[in-house]
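>
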Amino acid sequence: MKSVHQVGPVCALTVFVDRYLFAGEGPNLAVYEIATGEQIACRAVFSRNKIHGISVSGPDLRSARLCVWGGRSLALFAWPQLFEGEIDQLAVGDWIKDAQFSLDGAVVYCLHAHNVVVAVDVAGKRLLETRNCGEKSILYSGRLRVLSDRVLVCAGTVMDGILVWSYDDCAVVHRLHGHTGSIFGLCTSDDGRWLVSCSDDRSIRVWDLGSGEQVATGWGHGSRIWWLRIYAETERGFSVLSGSEDLTCRTWRFEQGHSSLEPVDVFETHTGRNVWSGAVCDALGLGFSGGADGAITASDLAETQREGAVSAAWTLAQIAEQAGAAFARDEIVKEYYDTGTELVAATSRGKVLRLRNGLWELVLEDARFERFSLVRGFDTGVVLIANKTGDLLVLGSGGMAEAKIKFERGVLGNVLTATRNGRQFALAESVLEEPLVLLEIAGTAVVSERRLSKPAGKFAMSAFDVDVASGAVVVGSRFATLAVFPGDERSAEPRVWRNFLKGDTVSSVEILESPSLQALVVMKDREYGVVRCAGQLELLQTNRLQRGFLEGGYFEHGDLVLYGFRSDTFFVWNETKQLELLREACGGPHRQWSFRHGGGGHRLFYTRSSSVHFRQTGARVAPETLRTGLHGREIRSVAACKTSTGHLLVSGSEDTTVRVSRLAADGAVVPLWCERQHGSGLQAVHFVNSDYFVSSSAREEVYLWKLSDEKYVRLHRTIRPRSSNPETRVMDFDAVEVRQHGRVAGFLLAAVYSDSSVRLWYYSYELNTFRLVVEDVYASCCVLRVRLVVLDAIYVVLAATNGHLAVYRAGDGGGVLGVCGGAVELVAGPDHAENPPRLEQLLINQQIHQSSVKAFDLAVDGHTALVVTGGDDNGMAVSTLDFAAVELASTYFAGTASSTITDVVLCGRSRVLTTSVDQVVRVWRVPQLELETEQYTTVADTGCACVAGGLVVVGGAGLEVFQIDM
Amino acid sequence: MGKSSKDKRDVYYRKAKEEGWRARSAYKLLQLNEQFGLFNDIHRVVDLCAAPGSWSQVLSREIFKDERSDAQIVAVDLQPMAPIDNVVTLQADITDPRTLDKILGIFGGEKADFVCSDGAPDVTGLHDLDEYIQAQLVLCALRLATCLLKEGGTFVAKIFRGRDIDLLYSQLGFLFEKVVCAKPRASRGTSLESFIVCIGYKPREGWKPDLQPELSTEEYFQNMNIGRARLHEDLRVDYEERKVAPFVACGDLKTSYDSDASYSLDTAVKHSLDPVQMPTDPPYKRALEMKRQGRLRGK
């Protein structure tokens, strides 16, 4: 077994010579070039331990000496050893908290968890001496600062504040009290004058190491703060980057003489829980963070000072003065459109203004556009201004044209615009029920006009796009409605779908593919989807964000980007990579705003207290992500399904998300989607077949998902909870196909619950419904796993926390199910039954393990099955289950792991793979249970595994992929 | 974005409230006792990391079922604890050598029959660190236990059954006749938590208990020679023996509840109960107050 890919907590980051980022990715040391984001080196340093810290010494990369530590392990090596040769694993006899090179690089000082500094000769890799200050209390954090004249030790204790002592004379310099609880992070300024600290109390404190006084305090994080980095040091003060359990990194500024550490910025670039590590590149003004989700991201700490960055605001008085236009007392800037280079705005009194190069000018004044006017535009820079009576001003670079939109009966209610392949389309809507008017505008001239019959009933268009190739028009409206107007049939009625997604207003529609009319649809109430609407409406992809309102979305370099408002901010979010690209505190949702993206930059105009604000992000100096993450909390279940290019990997986690990723043949995991439909931590995910998979969690959630095009996933159907107790978890389930009249009609799903319930559901593909066909209660304990076996009858095999394996004959579900030729047949269409029949007969109920049977797998051969179980009791059992003789013969093997066995996967009938909390993946020969091979995994809380071709995927606090010969 | 997926109000939590235990962990000790008969014929008992005091409550109720009992129970914790019948509570640091003297003082210089610790750190979520800290907590308790226990005495402590627990099993094997990993049914199957039950203390030959303040727990055990890795001149990594301790599940399958199961509210407690143990002052209390007042700043 060979580890080929891993993603998990990133616990160490260090910047070297302002150009390189060294990262601890589990046991692997990876080196990135900051400017390009390119990984230039990666190798495993430790066999068991995760890297918790990295120090680098030397003038450049080639002559760099590295000190890497994690847990009790230490490694000292030179740069070339990252590419060839062995790296010695060393130890200093205890858990290392910090290690720093002496200024000449000859000595490494290691501070360990019992407040002892171990000095090591770098060249000889030998112990020089150990020193302590006489107090060997246990430390949560520690920081060494090597100065020209001394070495300062800052030790963060569990209960007793911070101990600052001098390595040179072993004397305690300061005892810093002020925090409550354990000290989790410490950092000193370069000159050793200042110390910052964070603790369980969620505050950051600044200490003057000269006087030992606490000089400033900062509050803001919503959970525990894990680490701090000082940067941007000046005569008067410094900045701090902090990382927290609350998923954010924050920046702070300390100025001498101020008792408050001022909060500056917030960055949210991780998911799940905990940002474990951080580093700052002072020269480039970049902050790096590593999360429990395995992501490494770069936040721009100096974004507002970058080239092109603008942050400006104009009051009405300033606008009037600059434009040389007298505003009436009640006159306000009502509508505007940002062309990307200039803003065109209309006031409530019919003035049209232009903001160009930071200066406002008056373009024209036209009384026809008083009170009601709409300002829209195209990517080409052409801007439209429309009024109720349909007067249209078209402003282009070459001048202005006028046009008229005529409705038969009503006045104009709304105009929307879309730019496609450089072609400009405007869609206008009357306030009454009459046809929409689609204009194409070339330059500033209207070149064509087309009437589109408005769908009957409630319809108020809110977004649209045009398929230039076919002429088809896709219009989104309020009331979650989508209308498609075919291109070639001018008079044809549109096809209309109502409530095709949850929510109300469609906030954006963008056609991705022609002629299938595959489109990205974004709903204001957080839902988004990819639909195909050339024929019948097909939902390919559905998902939602958990917070905020979505105003739009787009694909950029293959990543889906969504934007909208959330509490008091406007946000831009990379949904594929799961990180925030922009957060602008704008006071909350606005009626008036304009957002543009392109070239990696963002422009946002918004009106706040009648002032017009403008924010343009500066040029990026480095990519936002160096490494993409996965789940931010423990993965509880994984499943894989073969595709034409490799596998699709589905993972369910305690972070309540289901992730769908591509698993490449070389083991690389590329995240596609992060589904947020579940409301509680996941218990199980399994494929039904290559088109469908099911996930289950607490609150009795059982969700059926449909895959499309080997890359899209949508929530297809959910099962309504049966019990009133929301804490009931659906622990596991299994599915078998059900046939009718010789073809597959659906599947039978057996689900087991934490309240000991066992339920069989029949799912019909045609009706898209789940019907309960059997319901029973096993005992009073939690049932953990279930498998369905179809022989002469349907058998349910289950395992529970009582250490038992139970076998039921399921029965026919009240005349609904039959068995024919080893397959389940649908005999009669099941009706809804409030009281379905119970399982027919409990055949076997036999204790195999002392406590929970955590996992089992079985392989059926004739009327017997080989069953392999793994338990909380560290043991395994290999059993023969004879369905005909109703016998279960088990051989129990104690102590097969030193901790709980969490998953069992049979690979054929002769081998079985197990995962256990002792972090060892083992392959056994069965039935004799001979250990064939074992492999340590750095995935802690190892909880699940699946086999995908020649790959084994192991999940827990992270995910690791192994290559295996089977 | 994460919603909590943990169910804190399981059946043992509700039962503990009903029956007046300060924490649901009381059932874990009761079930351990059921299995191992830990409380038979014991006179001097030390409960380490005792707050809020549920284990001391169990010790008190079970040992003093016999009203003539002359047993002495000392409960030690850094946190203050509400008084418990028949228990002497000591607010002290278990790493401080003076704590040993205080306990021995209470026992009139006699040694203890039983030392237990249900202590656990506030976990961070970084598994290797949490397991290390928990192991250190066990070692702190064990250090005191090696000074307090009479020969043949019993030591029980909470452990996390992680990747290095087999090292601890092996090392405990040097000090006790029998080392068992026990999992009470009251302890959730999804949690790494288990308990080591170490029976028959056998002091290391030629070694005298001596709690020197200048020695860290690590150094203390190095002098004891129980196979822990130590610091070498050449910084080599010691081979450390790993052993799997026998596993015993405790708590009767038929009569005890399953902590992983969801019981419907009808069969359990319908009415709301006040917490038995008032919440202690968390370190982040001030941060919570500031948040409530809208004073936690930031964008």
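Taken in order, these protein sequences are the chains called A and B. For reference, each letter of the first sequence is one residue, going 1 to 966 in full-length UniProt numbering. For reference, each letter of the second sequence is one residue, going 1 to 299 in full-length UniProt numbering. Quick reminder that beta carbons are idealized off the backbone N, C-alpha and C, glycines included.
Report the residue from S373/A, R356/A, R368/A whose alpha carbon sits nearest the alpha carbon of V333/A.
That would be S373/A, whose Cα lies nearest to the Cα of V333/A.
> Taking Cβ positions only, does D691/A come closer than 9 Å to chain B?
It does not; no Cβ of chain B falls within 9 Å.
> If contact is defined by three or more beta carbon pairs under 8 Å, each pair taking one atom from either stretch, is the region 181-192 of chain A in contact with the region 221-232 of chain A?
Touching, per the Cβ criterion.
> Taking 9 Å as the cut-off, decide whether the C-beta atoms of V939/A and Q89/A are in contact.
No, Cβ-Cβ distance for V939/A and Q89/A is not below 9 Å.
> What residues of chain B sit near C133/A, judged by a beta carbon separation below 9 Å?
The contacting residues do not exist; C133/A stays about 11 Å from chain B at best.
> So is W207/B buried or exposed if we call it buried at 16+ other beta carbons inside 10 Å?
By the neighbour-count rule (16 or more Cβ atoms within 10 Å), W207/B is not buried but exposed.
> Using the C-alpha atoms, what's the distance from Q318/A back to R608/A?
Their backbone Cα atoms lie some 14 Å apart in a straight line.
> Name the chain A residues that come within less than 7 Å of K183/B, Cβ to Cβ?
Neighbours of K183/B on chain A, chain order: S851, D872.
> What does a CB cutoff of less than 8 Å around R131/A pick up in its chain, not counting 5 residues either side in sequence?
The residues are V116, V117, A119, Y167, C170.
> S189/A to R526/A, Cα distance in whole Å?
Computed Cα separation, rounded: 43 Å.
> Let me check understanding here. Comparing Cα to Cα, which of R14/B, F195/B, L129/B lies closest to Q31/B?
Considering only alpha carbons, the answer is F195/B.
> Which same chain residues, not among the five before or five after V17/A, have their C-beta less than 8 Å away from its C-beta?
Same-chain partners within the cutoff: P59, D60, L61.
> Taking any Cβ of chain A, which residues in the region 193-213 of chain B have a Cβ under 7 Å from it, in chain order?
Here the close residues number zero.
> Roughly how many angstroms separate the alpha carbons of L273/B and K17/B, rounded to a whole number?
Note on L273/B: pLDDT 46, under 50, position unreliable in the model; the coordinate value appears next. The straight-line gap from Cα to Cα measures roughly 7 Å.
> For H597/A, decide whether its Cβ has a neighbour in chain B, counting only Cβ atoms nearer than 9 Å.
No, H597/A does not count as interfacial toward chain B.
> Work out the CA separation of S724/A and D266/B for me, nearest whole Å.
Residue placement at D266/B cannot be trusted, given a pLDDT of 49 that sits under 50; what the coordinates show is reported in the next sentence. If I take the Cα positions, the gap works out to 10 Å.
> Tell me whether N274/A sits in a helix, a strand or coil according to DSSP, three-state version.
Coil, per DSSP.
> For I162/A, which of helix, strand or coil comes out of DSSP?
If DSSP states are grouped into helix, strand and coil, I162/A belongs with the strands.
> Roughly how many angstroms lie between the CA atoms of V807/A and A640/A, to the nearest whole one?
For V807/A and A640/A, the distance between alpha carbons rounds to 27 Å.
> So is S262/B in contact with chain A if we call contact Cβ pairs under 9 Å?
Yes, contact with chain A.
> Answer yes if the region 118-128 of chain B comes into contact with the region 173-190 of chain B, meaning at least three C-beta pairs across the two stretches below 8 Å, and no otherwise.
Not touching, per the Cβ criterion.
> Which residues, in order along the region 900-921 of chain A, keep a beta-carbon less than 9 Å from a beta-carbon of chain B?
Those would be T900, V917, D918, Q919, V920, in chain order.
> Would you grab the beta carbon distance between V108/A and F101/A for me? Rounded to a whole angstrom, and I think it's under 8 Å.
Yes, V108/A and F101/A are in contact; Cβ-Cβ is about 6 Å, under 8 Å.
> Under 8 Å between beta-carbons, which chain A residues line up against S25/B? List them in chain order, please.
Ordered by position in chain A, no residue passes the 8 Å Cβ test against S25/B, which lies about 18 Å from the chain.
> For D234/B, go through chain A and note every residue whose CB falls closer than 8 Å to its CB, in chain order.
Within chain A, the residues near D234/B are K125, R126, L127.
> Which full runs of the beta strand (DSSP E) of 3+ residues lie inside the region 590-642 of chain A, going along the chain?
Those beta strand (DSSP E) runs which fall completely within the region 590-642 of chain A and span 3+ residues are 593-598, 601-608, 611-616, 625-627, 635-642.
> Closer than 7 Å, Cβ to Cβ, to anything on chain A: give me those residues from the region 127-138 of chain B, in chain order.
The region 127-138 of chain B vs chain A, Cβ under 7 Å: H127, D128, Y132, Q136.
> Compare the C-alpha of T297/A against each of S259/A, Y606/A, G398/A, T628/A and name the closest.
With distances taken between Cα atoms, T297/A lies closest to T628/A.
> I'd like to confirm the pairing. Which residues does DSSP put opposite I385/A in its beta bridges?
Beta-bridge pairing links I385/A to V375/A, L393/A.
> Measure the beta-carbon distance from G413/A to S430/A and round it to whole angstroms, keeping in mind my assumption that it falls under 8 Å.
Going by Cβ atoms, the distance from G413/A to S430/A rounds to 6 Å, so yes, they are a contact pair.
> Going by the CB atoms, is the gap between V688/A and A622/A shorter than 9 Å?
Taking 9 Å as the Cβ cut-off, A622/A and V688/A do not qualify as a contacting pair.
> Roughly how many whole angstroms lie between the Cα atoms of E887/A and F39/B?
Cα to Cα, E887/A sits roughly 41 Å from F39/B.
> Look at the Cβ atom of A135/B, then the Cβ atom of I159/B, and state whether they are nearer than 9 Å.
Cβ atoms of A135/B and I159/B: closer than 9 Å.
> Near Y13/B, what residues of its chain come up, given a Cβ to Cβ distance below 6 Å and the 5 sequence neighbours on each side ignored?
Only R24 meet the Cβ criterion.
> Is the shortest distance between the beta-carbon of K285/B and the beta-carbons of chain A less than 9 Å?
Chain A contact via Cβ: present.
> Whole angstroms is fine: what's the gap from D391/A's alpha carbon to Y606/A's?
Going from the Cα of D391/A to the Cα of Y606/A covers about 26 Å.
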